[in-house]
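Protein sequences, first through last, are from chains A and B.
Quick note: to get our numbering, add 184 to the position in the first sequence (first position is 1).
Quick note: to get our numbering, add 184 to the position in the second sequence (first position is 1).
Below is one structure, written out as structure tokens, with a few remarks after it.
Number of protein chains: 2
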Amino acid sequence: MSAVPMSQSPVFDLAPWSQNHLARVEQALSQWVGHGAPAGLGDAMRYAVLDGGKRLRPLLVLAAYEAACSGGTGAQATPVLADAAIRAACAVELIHAYSLVHDDMPCMDNDVLRRGKPTVHVQFGEAPALLAGDALQAFAFELLTPDDSLIPASVQATLCRLLARAAGSAGMAGGQAIDLASVGVALTEDQLRQMHRLKTGALLQGSVLMGAVCGHAAATAYQALSDYGAAMGLAFQVVDDILDVVADSATLGKTAGKDAAADKPTYVSLLGLERAQAYAQALLTEAHAALVGSGLPDTRALAALADMVVRRSY
Amino acid sequence: MSAVPMSQSPVFDLAPWSQNHLARVEQALSQWVGHGAPAGLGDAMRYAVLDGGKRLRPLLVLAAYEAACSGGTGAQATPVLADAAIRAACAVELIHAYSLVHDDMPCMDNDVLRRGKPTVHVQFGEAPALLAGDALQAFAFELLTPDDSLIPASVQATLCRLLARAAGSAGMAGGQAIDLASVGVALTEDQLRQMHRLKTGALLQGSVLMGAVCGHAAATAYQALSDYGAAMGLAFQVVDDILDVVADSATLGKTAGKDAAADKPTYVSLLGLERAQAYAQALLTEAHAALVGSGLPDTRALAALADMVVRRSY
Numbered sequence: 185m186s187a188v189p190m191s192q193s194p195v196f197d198l199a200p201w202s203q204n205h206l207a208r209v210e211q212a213l214s215q216w217v218g219h220g221a222p223a224g225l226g227d228a229m230r231y232a233v234l235d236g237g238k239r240l241r242p243l244l245v246l247a248a249y250e251a252a253c254s255g256g257t258g259a260q261a262t263p264v265l266a267d268a269a270i271r272a273a274c275a276v277e278l279i280h281a282y283s284l285v286h287d288d289m290p291c292m293d294n295d296v297l298r299r300g301k302p303t304v305h306v307q308f309g310e311a312p313a314l315l316a317g318d319a320l321q322a323f324a325f326e327l328l329t330p331d332d333s334l335i336p337a338s339v340q341a342t343l344c345r346l347l348a349r350a351a352g353s354a355g356m357a358g359g360q361a362i363d364l365a366s367v368g369v370a371l372t373e374d375q376l377r378q379m380h381r382l383k384t385g386a387l388l389q390g391s392v393l394m395g396a397v398c399g400h401a402a403a404t405a406y407q408a409l410s411d412y413g414a415a416m417g418l419a420f421q422v423v424d425d426i427l428d429v430v431a432d433s434a435t436l437g438k439t440a441g442k443d444a445a446a447d448k449p450t451y452v453s454l455l456g457l458e459r460a461q462a463y464a465q466a467l468l469t470e471a472h473a474a475l476v477g478s479g480l481p482d483t484r485a486l487a488a489l490a491d492m493v494v495r496r497s498y
Numbered sequence: 185m186s187a188v189p190m191s192q193s194p195v196f197d198l199a200p201w202s203q204n205h206l207a208r209v210e211q212a213l214s215q216w217v218g219h220g221a222p223a224g225l226g227d228a229m230r231y232a233v234l235d236g237g238k239r240l241r242p243l244l245v246l247a248a249y250e251a252a253c254s255g256g257t258g259a260q261a262t263p264v265l266a267d268a269a270i271r272a273a274c275a276v277e278l279i280h281a282y283s284l285v286h287d288d289m290p291c292m293d294n295d296v297l298r299r300g301k302p303t304v305h306v307q308f309g310e311a312p313a314l315l316a317g318d319a320l321q322a323f324a325f326e327l328l329t330p331d332d333s334l335i336p337a338s339v340q341a342t343l344c345r346l347l348a349r350a351a352g353s354a355g356m357a358g359g360q361a362i363d364l365a366s367v368g369v370a371l372t373e374d375q376l377r378q379m380h381r382l383k384t385g386a387l388l389q390g391s392v393l394m395g396a397v398c399g400h401a402a403a404t405a406y407q408a409l410s411d412y413g414a415a416m417g418l419a420f421q422v423v424d425d426i427l428d429v430v431a432d433s434a435t436l437g438k439t440a441g442k443d444a445a446a447d448k449p450t451y452v453s454l455l456g457l458e459r460a461q462a463y464a465q466a467l468l469t470e471a472h473a474a475l476v477g478s479g480l481p482d483t484r485a486l487a488a489l490a491d492m493v494v495r496r497s498y
């Protein structure tokens with residue numbers, strides 16, 4: 185079942201848009217990841233990244249990039265900027281993929297199944313998994329700073345800045361540390377929100393902002409996209425908590441019910457299922473409102489991605 | 185005992201220079217690392233970075249920066265460029281520190297002693313150690329891309345590019361992967377050299393190049409500094425292999441003899457002690473020659489650091 189009941193029909197057909205953009209992301213990832221790495225390491229890196237995942241973060245980068253380009257004060261889409269956006273899309277996915285590799289390791293969640301496949305440490309061993317994750321993080325920043333491109337240095341530097349902050353101790357890694365320290369601990373709603381803002385929200389919001397930078401979004405639009413990213417990012421986690429309860433492992437492609445089993449605080453344990461669903465819906469409304477307030481003429485893909493985040497069933 | 189016998193008296197007194205520059209690096213690291221991170225994570229990050237280490241990589245950044253600034257075609261030292269150099273110095277140390285944290289973990293070298301202290305996973309647990317390493321890598325790129333500074337975007341982007349390449353699959357992480365796959369394997373001297381070029385050489389050379397970029401080195405000087413970095417970086421590893429055999433654990437501050445115990449190929453196992461010492465000396469001569477060829481008026485700190493690398497006893 186989907187996390188939150190459908191209440192309106194989509195105004196934009198996301199499927200062909202996603203298919204088209206995913207194809208470009210998959211091609212770029214396949215072309216770039218693991219090449220030039222020693223064989224064993226490159227294999228583990230490619231295994232961790234290719235053939236799997238919803239690619240939500242790359243799609244957010246590309247949707248935000250196109251939305252920004254649609255604005256009169258933003259840049260027109262050009263091959264150079266499109267290259268920047270594809271690189272940013274791949275970079276956020278590399279950070280996401282590395283975090284999953286490390287998160288699945290025995291000393292963390294000790295998970296053996298991811299996207300329906302054995303996790304990287306099960307397939308390659310723990311030490312190669314650790315190194316592959318480390319190398320994927322470095323490669324994300326390498327992708328953002330090509331030396332043979334016309335991407336302006338200011339764009340390259342800003343993308344690195346946004347990605348580093350989203351991935352680091354005041355972002356994803358920081359959220360994971362709070363998560364780790366929260367097992368069996370009673371969190372308030374504020375504390376839970378703060379944990380998720382960092383753990384998953386920072387990189388989702390960062391994806392939107394990196395797309396906005398590639399499309400040279402003006403200040404007002406940038407702030408609105410930032411608000412969109414914050415609401416959508418939090419909604420993603422609320423829905424994740426809901427799905428951990430209502431979906432089964434086969435649908436999720438990972439172990440269901442593991443948060444409850446691990447005695448981790450979730451939105452469902454804190455608010456109950458119905459209020460958690462209502463909260464996800466409210467965040468979706470907030471995300472849509474931010475897009476309307478952005479002044480950008482075409483934010484349909486971003487709107488549809490937020491819908492998908494809240495209404496997904498896995 | 186030192187790795188290679190002294191053959192000439194130093195032409196530059198490194199001690200006061202190092203003391204002065206180390207103080208700036210320590211102050212900057214202490215000011216920056218771990219702040220804004222959740223408490224547990226920040227503590228582990230600071231533990232991994234502060235109060236220890238020779239800080240060779242930061243000193244190489246600062247020495248290369250000053251050498252580049254001394255060139256007529258390079259930049260004059262300014263507060264902005266000095267800030268860039270200090271940030272680069274800290275960033276390379278963060279990458280080095282994170283690699284040690286992960287390298288010491290049970291699934292890698294399983295080492296309990298580092299710089300005379302319990303390793304991070306012994307002190308904080310494996311999962312926090314994993315996350316602290318991950319967060320330190322991200323923070324390195326964050327330090328290079330401040331949004332409230334006058335450091336030119338082109339310098340920021342170039343520093344990120346150099347650091348990502350030095351740290352990633354075609355650099356440090358790649359070398360570690362080869363190392364991991366080489367236990368009990370008979371390597372040729374070429375293969376051993378390639379492993380070390382990546383594993384330790386890439387970040388040492390990267391440190392020199394990052395300093396050169398901060399000082400706006402001209403092309404000829406940049407290439408010469410690159411050659412210096414390659415020779416010095418390889419010498420570092422040859423000497424490491426020598427010290428693993430001739431020094432004791434107390435002097436090293438880490439477990440001695442562990443390469444031989446782990447049946448890892450080393451320069452000593454491949455060449456024998458005397459030829460390994462002669463090779464280190466030849467690389468030192470090569471490093472000095474590169475500095476002479478750089479055309480830079482003042483490369484004394486770099487020369488003295490190369491001397492130190494080869495003549496150190498721990």
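Backbone N, C-alpha and C fix where the C-beta goes; we use that ideal spot for every residue, glycine too.
Owing to the predicted nature of the structure, the values given are computational and were not obtained by experimental measurement.
**Request:** Report the option in B/VAL245, B/LYS238, B/CYS274, B/LEU198 whose CA atom is closest to the CA atom of B/SER214.
**Result:** B/CYS274
**Request:** Let me know if B/PRO449 comes out buried or exposed under the rule of 16 or more other beta-carbons within 10 Å of its beta-carbon.
**Result:** buried
**Asked** Counting contacts by CB-CB distance shorter than 8 Å, is A/PRO194 in contact with chain B?
**Response** Only weak support is given to the placement of A/PRO194: the predicted model assigns it a pLDDT of 48, under 50, and the value that follows is read from those uncertain coordinates. With 8 Å as the cut-off, A/PRO194 does not count as an interface residue toward chain B.
**Message:** To be precise: take each residue of the stretch 298-314 of chain B, compare its Cβ to all Cβ atoms of chain A, and keep it if any distance is under 9 Å. Which residues remain?
**Reply:** HIS305, GLY309, GLU310, ALA311, PRO312, ALA313, LEU314
**Request:** Check the Cβ-Cβ distances between A/ASP544 and every residue of chain B, and say whether any is below 8 Å.
**Result:** Any answer about residue 544 of chain A is impossible in this case: the structure gives chain A only from 185 up to 498.
**Item:** Length-filtered (4 minimum) alpha helix (DSSP H) runs lying within the stretch 233-321 of chain A
**Value:** 240-254, 263-287, 304-308
**Asked** Could you give the distance in angstroms between the alpha-carbon of A/LEU244 and the alpha-carbon of A/LEU371?
**Response** Straight through space, the alpha carbons of A/LEU371 and A/LEU244 are spaced by roughly 30 Å.
**Request:** Please classify B/ARG459: is it buried, with 16 or more other beta-carbons within 10 angstroms of its beta-carbon, or exposed?
**Result:** exposed
**Asked** In three-state terms, what does DSSP make of B/ASP363?
**Response** helix
**Request:** Compare the C-alpha of A/ASP491 against each of A/ASP428, A/LEU457, A/VAL423, A/SER453 and name the closest.
**Result:** A/VAL423
**Message:** Please tell me whether A/MET492 has its Cβ less than 8 Å away from any Cβ of chain B.
**Reply:** no
**Prompt:** Do the CB positions of B/LEU346 and B/TYR412 come within less than 8 Å of each other?
**Reply:** no
**Asked** For A/GLY358 and chain B, any beta-carbon pair shorter than 8 Å?
**Response** yes
**Asked** Which word fits A/SER478, buried or exposed, when buried means at least 16 other C-beta atoms lie within 10 angstroms of its C-beta?
**Response** buried
**Request:** Using the Cα positions of A/ILE426 and B/SER283, report the straight-line distance between them to the nearest angstrom.
**Result:** 37 Å
**Request:** Determine the closest residue to A/HIS380 out of A/GLN321, A/GLY417, A/HIS400, with distance taken between C-alpha atoms.
**Result:** A/GLY417
**Asked** If we ignore side chains and look at the alpha-carbon of each, how far apart do B/SER193 and B/LEU468 end up?
**Response** Residue placement at B/SER193 is poorly supported in this model, since its pLDDT is 44, which falls under 50; the coordinates still yield a value, given next. Cα to Cα, B/SER193 sits roughly 14 Å from B/LEU468.
**Asked** Below 8 Å between beta carbons: does that hold for A/ALA221 and B/SER353?
**Response** yes
**Prompt:** So, are the CB atoms of B/HIS472 and B/ALA252 less than 8 Å apart?
**Reply:** no
**Message:** Going by DSSP in three states, A/PRO512 sits in which element: helix, strand or coil?
**Reply:** With chain A covering 185 to 498 only, the question about residue 512 of chain A has no answer from this structure.
**Prompt:** When DSSP labels each residue in this structure, what does A/PRO200 get in the three-state scheme?
**Reply:** helix
**Asked** Using a beta-carbon distance below 8 Å, is A/ALA487 in contact with chain B?
**Response** With 8 Å as the cut-off, A/ALA487 does not count as an interface residue toward chain B.
**Message:** According to DSSP, simplified to helix, strand and coil, what is B/ASP482?
**Reply:** coil
**Request:** For B/THR404, collect the residues of the same chain with a Cβ closer than 8 Å to its Cβ; drop the 5 residues on either side in sequence, then sort them by chain order.
**Result:** Same-chain partners within the cutoff: SER478, GLY479.
**Asked** Taking a cut of 8 Å between CB atoms, which residues from the stretch 410-426 of chain A lie near chain B?
**Response** Residues passing the 8 Å Cβ filter: none.
**Asked** Within the present structure, is the beta-carbon of A/ALA350 separated from the nearest heavy atom of the ligand GTP by less than 7 Å?
**Response** Of ligands this structure carries none, so the ligand GTP is not represented either.
**Message:** Less than 8 Å between CB atoms is the rule here; does A/ARG459 satisfy it with respect to chain B?
**Reply:** no
**Request:** Have a look at A/HIS286 and B/ARG271 and give me their C-alpha separation to the nearest angstrom.
**Result:** 27 Å
**Request:** Establish whether the CB of B/GLN321 and some CB of chain A are separated by less than 8 Å.
**Result:** yes
**Asked** Using the rule of at least 16 other Cβ atoms within 10 Å of the residue's Cβ for burial, across every protein chain shown, is A/SER497 buried or exposed?
**Response** exposed
**Request:** Can you tell me which of A/THR384, A/VAL452, A/ALA266, A/SER453 puts its alpha carbon nearest to the alpha carbon of A/TYR249?
**Result:** A/ALA266
**Request:** To the nearest angstrom, report how far apart B/ILE219 and B/ASP288 are at their CA atoms.
**Result:** Per the sequence presented here, residue 219 of chain B reads as His, with Ile not at that position. Cα to Cα, the separation comes out at about 24 Å.
**Request:** Quick one: using the 10 Å Cβ neighbour count with 16 as the cut-off for buried, is A/LEU382 buried or exposed?
**Result:** buried
**Prompt:** Could you check where the alpha helix (DSSP H) with A/THR469 kicks off and where it finishes?
**Reply:** Per DSSP, the continuous alpha helix (DSSP H) segment holding A/THR469 begins and ends at 457-477.
**Request:** Return yes when the Cβ of A/ALA269 is within less than 8 Å of the Cβ of A/ARG398, no when it is not.
**Result:** Before going further, note that residue 398 of chain A is Cys rather than Arg in the sequence given. Yes. Within cutoff.
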